[in-house]
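> Position one of the sequence shown corresponds to residue 1 (full-length UniProt numbering), numbered consecutively onward.
Every residue gets a Cβ at the ideal spot worked out from N, C-alpha and C, and that includes glycine.
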Amino acid sequence: MWFILSLVAVFFWSGSDFFSKLGSPEKDTNSHLKMVVAVGLVMGSHATYQVLVNGVTFNLQTVWVYLPVSFLYIFSMLLGYIGLRYIELSITSPICNTSGAVAAFLSFLFLKQTLSFPQLIATILVIVAIVLLSYFQKQKEEAELKESGEEPGMKHMNSFLAIFFSIAYCIIDGLGTFMDAVVLSPISDNPAERTLMDSIFVHRLSEDSANVAYEYTFLAVALITLLYLVFVKKTKFFPSYDGAKLIGAMSETAGQAAYIVALAANAVASAPLISSYCIFSALWAHIFLKERLSKKQYFAVALAVVGIVIMGFFGED
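(1) Look at the alpha carbon of Val-102 and the alpha carbon of Leu-175, and state the distance between them as a whole number of angstroms.
(2) Three Cβ pairs or more, each shorter than 8 Å: is that satisfied between the stretch 233-251 and the stretch 22-32?
(3) Comparing C-alpha positions only, which one of Ile-224, Ala-220, Ala-258, Tyr-277 sits nearest to Asp-208?
(4) Taking only runs of the beta strand (DSSP E) that begin and end inside the UniProt domain "EamA" (220-311), which ones reach a length of at least 3 residues, in chain order?
(5) Rank Leu-89, Val-212, Ala-104 by C-alpha distance to the C-alpha of Ala-162 and give the top, closest one.
(6) What is the rounded straight-line gap between the Cα of Trp-2 and the Cα of Val-8?
(7) Cα separation between Tyr-49 and Phe-280?
(8) For Tyr-228 and Trp-13, I'd like the C-alpha separation in whole angstroms.
(9) With DSSP run on the structure shown, which of helix, strand or coil describes Ile-95?
(10) Check whether the stretch 39-57 touches the stretch 247-255, taking contact to mean three or more Cβ pairs, one atom from each stretch, closer than 8 Å.
(11) Is the distance from the Cβ of Phe-165 to the Cβ of Ile-82 below 8 Å?
(12) Phe-110 to Val-183, Cα distance in whole Å?
(13) Can you list, in chain order, the stretches of the beta strand (DSSP E) that have 3 or more residues and sit fully within the UniProt domain "EamA" (2-134)?
(14) Taking the alpha-carbon positions, what's the Pro-68 to Ala-210 distance?
(15) Roughly how many angstroms lie between the CA atoms of Ser-6 and Ser-275, to the nearest whole one?
(16) Work out the CA separation of Ile-124 and Gln-139 for me, nearest whole Å.
(17) Restricting to Cα atoms, I'd like to know which of Phe-299, Phe-178, Ala-168 is closest to Met-77.
(18) Could you name the residues of the same chain whose beta carbon sits closer than 8 Å to that of Phe-136, not counting the 5 residues immediately before and after it, in chain order?
(19) Give me the Cα-Cα distance between Val-309 and Leu-273, rounded to the nearest whole angstrom.
(20) Cβ of Gly-248 within 8 Å of Cβ of Ser-16?
(21) Would you report the Cα separation of Cys-170 and Gly-55, rounded to the nearest angstrom?
(22) Excluding the 5 residues preceding and the 5 following Leu-226 in the sequence, name in chain order all residues of the same chain whose CB lies nearer than 7 Å to its CB.
(23) Helix, strand or coil: which one does DSSP assign to Ser-166?
(24) Relative to the C-alpha of Tyr-214, which candidate in His-32, Ala-47, Ala-143 has its C-alpha closest?
(25) According to the Cβ coordinates, are Ile-224 and Phe-75 closer than 8 Å?
(26) To which residues of the same chain is Leu-212 closer than 7 Å at the C-beta, ignoring the five residues directly before and after it?
(27) Measuring only the C-alpha atoms, how far is Phe-288 from Gly-44?
(28) May I ask you to report which of helix, strand or coil DSSP gives Ser-209?
(29) Which value, in whole angstroms, describes the spacing of the CA atoms of Val-126 and Pro-239?
(30) So, does the CB of Phe-238 fall closer than 8 Å to a CB anywhere in chain D?
(31) Using the Cα positions of Val-10 and Trp-284, report the straight-line distance between them to the nearest angstrom.
(32) Measure the C-alpha to C-alpha separation of Asn-30 and Leu-84 and round it to an integer number of angstroms.
(33) Taking the straight line between their C-alpha atoms, what separation do you get for Val-261 and Ala-269?
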């Protein structure tokens, strides 16, 4: 069952990447805010189902305790949605998905966890891949500008910012994953084994309660954002591509639900499989969005994917 659920998570999360990109045209300057609205509304609906049907415990204290983690996840997703407007999905998805390396490094520094040799290699691969992707993207744009005879303009600047937003997503999402490890892990009974983070975050949550708190926080952000778009920005909605945002939001939530169950059933086997979903994101982008990368860029993407899979495989020991 874990294998099927892992494939479901891969399918939906790669689909979320694809439809989010499809619903983020560069001409729509509010597309990232609309994505936040779509994701928040869907997640809020799922949280309500969890509370009313599955009986997941939920209260305002849970929301308050998990609020720093929720903020990190929501903010990172916002940055990722901004980047989607300007850069190929084949590039941004692998970069964003390397946040596990950031989480592993922070856990090594602050939670007294050790990095195995494979995890160290994976972290190095991820860092090298990000640097190479950024450098090769710059090379590609300079070559295109030279061939067209144009001067570097807004498009060149936007592409640079897109790389920046993708890397920022990676760092902040990794920090969120690290904070998850703090808030969801039990405090050791042995005072000598406790960390600084244990003294700061004295409350611990169950995964289901934390997830509901996160989804309701996202719903609150979505409603505030919707009011801002409608009454302040006077934003227009376009069914032709705003519908894709809603499909992307539903895919994101469905993938998260499958991921949680698969990880609980068999974390060691499911984690590396699910972490490779960016391969399929790049595949959908190649087939349906007609994205074409240089050979050097594909090499850098492959490095990132290898690092992600190794991190996933050895990250659940």
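Checking against the coordinates, here is how it stands:
(1) Numbered from its first residue, the sequence shown carries residue 102 at position 102. Numbered from its first residue, the sequence shown carries residue 175 at position 175. Rounded to whole angstroms, Val-102 to Leu-175 spans 7 Å at the Cα level.
(2) yes
(3) Counting from one through the sequence shown, the residue named residue 208 turns up at place 208. It is Ala-258.
(4) Qualifying beta strand (DSSP E) stretches: none in this window.
(5) Residue numbering aside, residue 162 sits at position 162 when the sequence shown is read from its first letter. Considering only alpha carbons, the answer is Leu-89.
(6) Mapped onto the sequence shown, residue 2 falls at position 2. Mapped onto the sequence shown, residue 8 falls at position 8. Straight-line spacing of the CA atoms in Trp-2 and Val-8 works out to 10 Å.
(7) Translated into the one-based positions of the sequence shown, residue 49 becomes position 49. Translated into the one-based positions of the sequence shown, residue 280 becomes position 280. Phe-280 has its alpha-carbon roughly 29 Å from the corresponding atom of Tyr-49.
(8) Counting from 1 along the sequence shown, the entry for residue 228 is found at position 228. Counting from 1 along the sequence shown, the entry for residue 13 is found at position 13. Rounded to whole angstroms, the separation of the alpha carbons of Trp-13 and Tyr-228 is 28 Å.
(9) Taking the first residue of the sequence shown as 1, we reach residue 95 at position 95. Here Ile-95 sits in helix by DSSP.
(10) yes
(11) Counting from one through the sequence shown, the residue named residue 165 turns up at place 165. Counting from one through the sequence shown, the residue named residue 82 turns up at place 82. Closer than 8 Å, so yes.
(12) For the purposes of this step, residue 110 is taken as the residue at position 110 of the sequence shown. For the purposes of this step, residue 183 is taken as the residue at position 183 of the sequence shown. So the two alpha carbons sit approximately 13 Å from each other.
(13) none
(14) Position 68 of the sequence shown holds residue 68. Position 210 of the sequence shown holds residue 210. Roughly 11 Å between the two C-alpha positions.
(15) Position 6 of the sequence shown, counted from the start, is the residue given in the question as residue 6. Position 275 of the sequence shown, counted from the start, is the residue given in the question as residue 275. Answer to the nearest angstrom: the Cα atoms are 10 Å apart.
(16) Along the sequence shown, read from residue 1 onward, the residue named residue 139 stands at position 139. Along the sequence shown, read from residue 1 onward, the residue named residue 124 stands at position 124. The alpha-carbon atoms of Gln-139 and Ile-124 are separated by roughly 22 Å.
(17) As a working note, residue 77 is residue 77 in the sequence shown. The candidate whose alpha carbon is nearest that of Met-77 is Ala-168.
(18) Start at 1 with the first residue of the sequence shown, and residue 136 comes out as number 136. Around Phe-136: Ser-294, Lys-296, Gln-297, Ala-300.
(19) Position 309 of the sequence shown, counted from the start, is the residue given in the question as residue 309. Position 273 of the sequence shown, counted from the start, is the residue given in the question as residue 273. Computed Cα separation, rounded: 7 Å.
(20) The sequence position of residue 248 within the sequence shown is 248, counting from 1. The sequence position of residue 16 within the sequence shown is 16, counting from 1. Against a cut-off of 8 Å, the Cβ pair of Ser-16 and Gly-248 comes out as a contact.
(21) Residue numbering aside, residue 170 sits at position 170 when the sequence shown is read from its first letter. Residue numbering aside, residue 55 sits at position 55 when the sequence shown is read from its first letter. Straight-line Cα distance between these residues: approximately 33 Å.
(22) Position 226 of the sequence shown holds residue 226. Same-chain partners within the cutoff: Val-37.
(23) One-based indexing of the sequence shown puts residue 166 at position 166. If DSSP states are grouped into helix, strand and coil, Ser-166 belongs with the helices.
(24) In the sequence shown, residue 214 corresponds to position 214, counting from 1. Among His-32, Ala-47, Ala-143, the Cα nearest to that of Tyr-214 is on Ala-47.
(25) Here residue 224 refers to the residue found at position 224 of the sequence shown. Here residue 75 refers to the residue found at position 75 of the sequence shown. No.
(26) Mapped onto the sequence shown, residue 212 falls at position 212. In the sequence as displayed, the identity of residue 212 is Val instead of Leu. Counting only Cβ-Cβ distances below 7 Å, and skipping sequence neighbours, we find Ala-47, Gln-50, Val-51, Val-56, Phe-58.
(27) To locate residue 288, count along the sequence shown from 1; it is residue 288. To locate residue 44, count along the sequence shown from 1; it is residue 44. The alpha-carbon atoms of Phe-288 and Gly-44 are separated by roughly 30 Å.
(28) In the sequence shown, counting from the first residue as 1, residue 209 sits at position 209. Three-state result, Ser-209: helix.
(29) For the purposes of this step, residue 126 is taken as residue 126 along the sequence shown, with counting starting at 1. For the purposes of this step, residue 239 is taken as residue 239 along the sequence shown, with counting starting at 1. Val-126 and Pro-239: Cα-Cα distance of roughly 37 Å.
(30) No chain D is present in this structure, which holds just one protein chain.
(31) Looking up residue 10 in the sequence shown gives position 10. Looking up residue 284 in the sequence shown gives position 284. The alpha-carbon atoms of Val-10 and Trp-284 are separated by roughly 12 Å.
(32) By 1-based counting over the sequence shown, the position of residue 30 is 30. By 1-based counting over the sequence shown, the position of residue 84 is 84. Taken atom to atom, the span from the alpha-carbon of Asn-30 to that of Leu-84 is near 12 Å.
(33) Taking the sequence shown and counting its residues from 1, one reaches residue 261 at position 261. Taking the sequence shown and counting its residues from 1, one reaches residue 269 at position 269. Spanning the alpha carbons of Val-261 and Ala-269 requires a straight line of approximately 13 Å.
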